[in-house]
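*Asks:* Before I ask anything, let me first share the structure, which is written out below as structure tokens.
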Amino acid sequence: MDYTQMGPAISLGLGCIGSSIGCGIASMASHAVMARVEEGHGAFIGMTAAPASQSIYGFVLMILMSGAIKEGRLSPENALGIGIFSGLALMFSSIYQGKCAATGMQAAAKQPAILGKTFTALGIVESFSLFAFVFALLLF
Numbered sequence: 002m003d004y005t006q007m008g009p010a011i012s013l014g015l016g017c018i019g020s021s022i023g024c025g026i027a028s029m030a031s032h033a034v035m036a037r038v039e040e041g042h043g044a045f046i047g048m049t050a051a052p053a054s055q056s057i058y059g060f061v062l063m064i065l066m067s068g069a070i071k072e073g074r075l076s077p078e079n080a081l082g083i084g085i086f087s088g089l090a091l092m093f094s095s096i097y098q099g100k101c102a103a104t105g106m107q108a109a110a111k112q113p114a115i116l117g118k119t120f121t122a123l124g125i126v127e128s129f130s131l132f133a134f135v136f137a138l139l140l141f
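Using our numbering, the first residue of the sequence shown is number 2, and each one after it goes up by one.
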């Protein structure tokens with residue numbers, strides 16, 4: 002059995018796990034909020050999708066790490082470390098982004114004027130997954 006691709010697979014897997022949890026949290030909140038408000042549903046749906054981006058970062062890392070391993074520029078052991086820790090960063094970022102989206106929707110349901118401001122928190126949390134993504138790329 003070939004274990005050389007475990008690191009790339011872990012970065013994708015953890016990113017996707019986090020995205021599904023984050024989107025699930027945000028989706029549950031959006032259902033509740035959309036049942037209470039008459040308009041602005043599109044923005045709530047957009048907030049629901051925000052945590053999905055971390056799975057894309059995990060996918061790109063998987064592809065690039067896999068290629069670097071095959072070319073001999075990255076050892077499987079180093080890829081494993083990069084995959085685990087960048088994947089964890091992606092996972093936790095997307096989970097907390099989903100929680101921020103959920104509370105942002107609840108706040109905007111009560112006070113619609115702040116809806117745009119709630120996207121700021123989503124961007125701040127997203128930045129940490131981007132940092133992990135870029136820093137992982139710099140390691141190989």
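Every residue, glycine too, gets a C-beta built ideally from N, C-alpha and C.
Within its chain, find whatever has a CB closer than 8 Å to the CB of I96; leave out the 5 residues flanking it on each side and keep chain order.
*Replies:* Cβ within range, chain order: G19, I22, G23, I26 and P52.
*Asks:* Smallest Cα separation from G124: which of T5, A10, E39 and Q55?
*Replies:* Out of T5, A10, E39 and Q55, Q55 has the C-alpha closest to the C-alpha of G124.
*Asks:* Are three or more beta carbon pairs between the region 4-12 and the region 63-83 nearer than 8 Å?
*Replies:* Because the criterion of three Cβ pairs below 8 Å is met, the region 4-12 and the region 63-83 touch.
*Asks:* So, for M29: in the same chain, excluding its five sequence neighbours on each side, which residues have a beta-carbon less than 8 Å away from its beta-carbon?
*Replies:* Cβ neighbours of M29 beyond the five flanking positions: A103.
*Asks:* Look up Q98 in the DSSP assignment and say whether it is helix, strand or coil.
*Replies:* Three-state DSSP puts Q98 in a helix.
*Asks:* Leaving aside the five residues before and after T49 along the sequence, list all residues of the same chain whose C-beta is less than 7 Å from its C-beta, in chain order.
*Replies:* Cβ within range, chain order: C24, A27, S28, S31 and A102.
*Asks:* Give the straight-line distance between the Cα atoms of I83 and I57, rounded to the nearest whole angstrom.
*Replies:* Between I83 and I57, the C-alpha separation is close to 16 Å.
*Asks:* So, is I70 buried or exposed, given that buried needs 16 or more other C-beta atoms within 10 angstroms?
*Replies:* So I70 ends up on the buried side.
*Asks:* What span of residues does the alpha helix (DSSP H) with G41 cover, start to end?
*Replies:* From DSSP, G41 is part of no alpha helix (DSSP H); its letter is neither H nor E.
*Asks:* Just confirm the distance between the C-beta atoms of L75 and L15, as a whole number of angstroms; I'd bet it's less than 8 Å.
*Replies:* Wrong, their Cβ atoms sit about 18 Å apart, outside the cutoff.
*Asks:* Does the beta-carbon of V34 have 16 or more other beta-carbons within 10 angstroms, so that it is buried, or is it exposed?
*Replies:* Label assigned to V34: buried.
*Asks:* Assign T119 to one of two classes, buried (16 or more other C-beta atoms within 10 Å of its C-beta) or exposed (fewer than that).
*Replies:* The residue is buried, with at least 16 neighbouring Cβ atoms inside 10 Å.
*Asks:* Could you pull out every residue in the same chain whose Cβ sits closer than 8 Å to the Cβ of G105, ignoring the five residues on either side in sequence?
*Replies:* Result list for G105: M48, L116, T119, F120, A122 and L123, in chain order.
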